[in-house]
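J.:
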Amino acid sequence: LEQPTTDAPKRAKVKLGEIWAVGPHRVACADATDREVYERLLGDQVIDLVFTDPPYGVEYTGGSKPREALDNDERGADIAAEVFEVLKDFLPKGTGWYVCSPSGDALHDMLHSVQLLGPMRYALAWVKDNSTFGRGHYKWKHELILYGWTEGAANPWYGGETPDTVWEQNRPPRSDDHPTMKPVGLTVKALHHSTQEGDMVFDPFVGSGSSLVAAASIGRIGYGIELNPLFAQQAINRLVSHVGESAVKL
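Each residue of the sequence shown is one higher than the one before, counting from 1 in the UniProt record's numbering.
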């Protein structure tokens with residue numbers, strides 16, 4: 001499932017405030033705390049699942065390599081809470097959500113933020129093929145994915161026999177395009193458990209578009225919002241490459 005990404009664009013054709021379509025998929029280059037953006041983007045479309053990777057509050061720019069900084073990363077869980085405060089009003093009862101989360105000190109704040117979407121039911125562990133270098137007592141080899149669903153209805157589940165909470169998945173073959181790019185296969189695993197073909201997967205922090213590519217790869221529909229025009233352009237380019245259809249500004 002891990003396909004080489006398209007080259008990261010040096011300039012973005014997409015502009016802030018625009019919505020672009022690639023087949024049935026949609027990318028809005030906009031502020032995910034703006035309620036009107038959701039109304040414009042969604043129309044009559046219903047969100048069936050949320051899979052997202054909010055900024056972690058570590059001002060990440062990609063280590064020693066010159067890369068585009070993550071917008072709002074220094075705000076961490078604060079921006080996640082602001083986005084979830086709006087997003088929750090567009091989620092039907094029983095809608096599942098997967099939120100990639102930091103560990104360490106920032107975990108407490110993210111746990112608080114996701115409660116806006118509903119009770120956190122499980123903390124899944126993504127175990128990588130190698131560790132992250134650092135100066136702490138331990139080297140991180142896993143990241144957390146918080147899982148839960150909105151209250152008021154049963155949560156759809158298609159996972160079959162009870163799967164483990166530990167997910168082993170290699171990092172993407174390359175991640176120069178986005179400092180915290182998640183592997184497509186990681187998202188696909190969640191989508192197989194929580195959606196059916198034709199369901200819509202929503203991501204308010206699209207980044208380079210891995211969640212939307214994952215949705216497209218298994219017959220789901222991907223909708224998302226990204227504030228940074230360069231990352232929005234990268235997400236659109238990846239969808240075009242994967243889906244084989246041209247991007248159209250709506």
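C-beta: ideal position from N, C-alpha, C; glycine also.
Taking DSSP's pairing of strands, which residues face GLU161 in a bridge?
T.: Bridge partners of GLU161: none, in fact.
J.: Specify the secondary structure class of THR132 as computed by DSSP and reduced to three states.
T.: If DSSP states are grouped into helix, strand and coil, THR132 belongs with the strands.
J.: Under the rule that 16 or more other beta-carbon atoms within 10 Å means buried, what is TRP157, buried or exposed?
T.: exposed
J.: Do you know offhand how far HIS25's Cα is from HIS137's?
T.: 43 angstroms
J.: Please report the straight-line C-alpha distance between TYR98 and ASP44, rounded to a whole angstrom.
T.: 23 angstroms
J.: DSSP three-state call for PHE205: helix, strand or coil?
T.: coil
J.: If you reduce the DSSP assignment to three classes, tell me which class GLY222 lands in.
T.: Under the three-state reduction of DSSP output, GLY222 falls in the strand class.
J.: Could you say which of GLU18, LYS182 and PHE90 lies nearest to ARG171 if we only look at CA atoms?
T.: LYS182
J.: Count the other CB atoms within 10 Å of the CB of LYS189; is the residue buried (16 or more) or exposed (fewer)?
T.: Its Cβ being crowded by 16 or more others within 10 Å, LYS189 is buried.
J.: How about residue 262 and LYS88: are their beta carbons less than 9 angstroms apart?
T.: Look at the range of the chain in this structure, 1 to 250, and you will see that residue 262 is not part of it.
J.: Which partner residues of HIS142 appear in the DSSP bridge assignment?
T.: VAL127
J.: Using CA atoms only, rank isn't needed, just tell me which of THR52, VAL166, GLY104 and ASP105 is closest to ALA80.
T.: In terms of CA proximity to ALA80, THR52 leads the group THR52, VAL166, GLY104 and ASP105.
J.: Roughly how many angstroms lie between the CA atoms of GLU204 and ALA21, to the nearest whole one?
T.: Looking at the sequence itself, residue 204 is Pro, so the reference to Glu does not match. Straight-line Cα distance between these residues: approximately 16 angstroms.
J.: Give the DSSP bridge partners of ILE47, in chain order.
T.: Partner(s): none; ILE47 has no beta bridge.
J.: Exposed or buried, HIS112, counting other C-beta atoms within 10 Å across all chains shown (16 or more means buried)?
T.: exposed
J.: Between which residues of its own chain and ARG35 is the CB-CB distance below 7 angstroms, once the five residues before and five after are set aside?
T.: VAL86
J.: Between GLY148 and the rest of its own chain, which residues show a CB-CB distance below 7 angstroms, the 5 nearest in sequence each way excluded?
T.: TRP97, VAL114, LEU117, GLY118, PRO119, MET120 and ARG121
J.: Return the CA-CA distance between GLU168 and ASN155, expressed in angstroms with no decimal places.
T.: Looking at the two C-alpha atoms, the distance is approximately 25 angstroms.
J.: In or out: THR162 buried (at least 16 other Cβ within 10 Å) or exposed?
T.: The residue in question, THR162, is exposed, as its Cβ has fewer than 16 Cβ neighbours within 10 Å.
J.: So is ASN130 buried or exposed if we call it buried at 16+ other beta carbons inside 10 Å?
T.: exposed
J.: Is LEU186 near ILE145, with beta carbons less than 9 angstroms apart?
T.: yes
J.: Give the DSSP-derived three-state secondary structure of VAL188 in the structure shown.
T.: helix
J.: By how many angstroms is the C-alpha of GLU245 removed from the C-alpha of ALA28?
T.: 17 angstroms
J.: On the CB-based measure, 16 or more other CB atoms within 10 Å of its CB, does THR132 come out buried or exposed?
T.: exposed
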